[in-house]
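Sequential numbering from 11 applies to the sequence shown in this note's numbering. Positions of the beta carbon are idealized from the N, C-alpha and C atoms, including for glycine.
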Amino acid sequence: MRLSIQAICNVGMVRSNNEDALSLGGLFLRDDETALNISTPTDGCFYLLVSDGMGGHENGEEASQYTLDTIQEQLRGIPPERFEDGIRETVRGISDTLNRRAAELGQIHPMGCTLTGVIWHFGRLWLVNAGDSRTYRFREGMLRQLTTDETERGITDNPDGSKLLLNCIGGGSYGRLSVSDAEGKLLEGDTLLVCSDGLCDMVPDEVIESALSAGASATDLLRMACEAGGVDNISIILAKIEE
11 MRLSIQAICN
21 VGMVRSNNED
31 ALSLGGLFLR
41 DDETALNIST
51 PTDGCFYLLV
61 SDGMGGHENG
71 EEASQYTLDT
81 IQEQLRGIPP
91 ERFEDGIRET
101 VRGISDTLNR
111 RAAELGQIHP
121 MGCTLTGVIW
131 HFGRLWLVNA
141 GDSRTYRFRE
151 GMLRQLTTDE
161 TERGITDNPD
171 GSKLLLNCIG
181 GGSYGRLSVS
191 DAEGKLLEGD
201 TLLVCSDGLC
211 DMVPDEVIES
221 ALSAGASATD
231 LLRMACEAGG
241 VDNISIILAK
251 IEE
């Protein structure tokens, strides 16, 4: 599978530090952007992952980087026949480590992060998610969210009606990872959009869909999120599956 990738990780318009991070098969980005073309391996690993350090928690940037670094270190060691169990165990171990680290530091709000994206692992394609960052597929003018937000909204959850995150990595959580077989979900001509909620909370899906239909780049989507307020860090991966 040949991918044309644009990726950008930006602090946004309001926050002073960037707790987001993204990784393109081990190429780590924060406060940076890149573009590359790559063929996914049939006998190895590649991935497009976004991790959003939890706003309001301490050391969110450490949590997101540690999560992506550890996945990079351990991914190739997972046997293909037990990928689902293996990647879940890896993320559970990451969550345990972050929770222990937070306890050692005496953090009131333990460091944590979300994770979303796709992993090519020895010829198989997998969709992974924990939290409220999102992975979408754009096909023939239609945008479809492939992941499910693990959140609740409303005044019964938070007094200001904001989101209540139901699952994450670290943050005092068990670190439950959703893993699903993505074979057949991506075709030539499709575009993957992997992003933190700094994009999708600022720009409605229908507006993103319209922008992608008009040929928007990752930089265009970043500009739209910033113009809408840019209240959170913004990470965006756009990956076109070339024909």
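Query, Result
"Spatially closest choice to residue 53 from 154, 189, 223, 130, by CA coordinates", "130"
"With 16 other Cβ atoms within 10 Å as the buried cut-off, status of residue 122", "buried"
"Beta-carbon spacing of residue 159, residue 62 below 8 Å", "no"
"Unbroken stretches of the alpha helix (DSSP H), 4 residues or longer, contained in the stretch 222-246", "228-237"
"Residue nearest to residue 60 in terms of C-alpha spacing, selected from 26, 79, 194", "79"
"The alpha helix (DSSP H) enclosing residue 44, as first and last residue numbers", "Here residue 44 belongs to no alpha helix (DSSP H); instead the beta strand (DSSP E) covers 42-49."
"Whether residue 196 touches residue 227 by CB criterion (8 Å)", "no"
"Three or more C-beta pairs below 8 Å linking the stretch 124-144 and the stretch 207-221", "yes"
"Own chain residues within Cβ distance below 8 Å of residue 229, not counting five before or after", "16, 18, 43"
"Own chain partners of residue 192 with C-beta closer than 8 Å, once the 5 adjacent residues on each side are dropped", "128, 135, 136, 137, 156"
"Rounded straight-line distance, which links the Cα of residue 97 to that of residue 189", "8 Å"
"Cβ neighbours of residue 105 in the same chain (closer than 7 Å, five flanking residues each side left out)", "179, 180, 183, 184, 185"
"Residue-chain proximity (residue 103, chain D), Cβ-Cβ < 8 Å", "No chain D appears in the structure shown, which is made up of a single protein chain."
"Closest residue to residue 22 among 236, 246, 252 (Cα-Cα distance)", "236"
"Chain-order list of residues whose beta-carbon lies under 6 Å from that of residue 132 (same chain, five-residue window excluded)", "90"
"Local conformation of residue 132 per DSSP, three classes", "coil"
"Inter-residue Cα distance where the pair is residue 95 and residue 84", "13 Å"
"Distance between beta carbons of residue 162 and residue 176, contact taken as under 8 Å", "6 Å"
"Burial state of residue 220 (16 or more Cβ within 10 Å)", "exposed"
"Reference residue 58; option with closest CA among 151, 33, 120", "33"
"Beta-carbon proximity check, residue 232 vs residue 244, cutoff 8 Å", "yes"
"Presumed contact (8 Å Cβ cut-off) between residue 73 and residue 108, rounded CB distance", "5 Å"
"Exposed unless 16 or more other CB atoms sit within 10 angstroms - verdict on residue 24", "exposed"
"Cβ pair residue 81, residue 100 closer than 8 Å", "yes"
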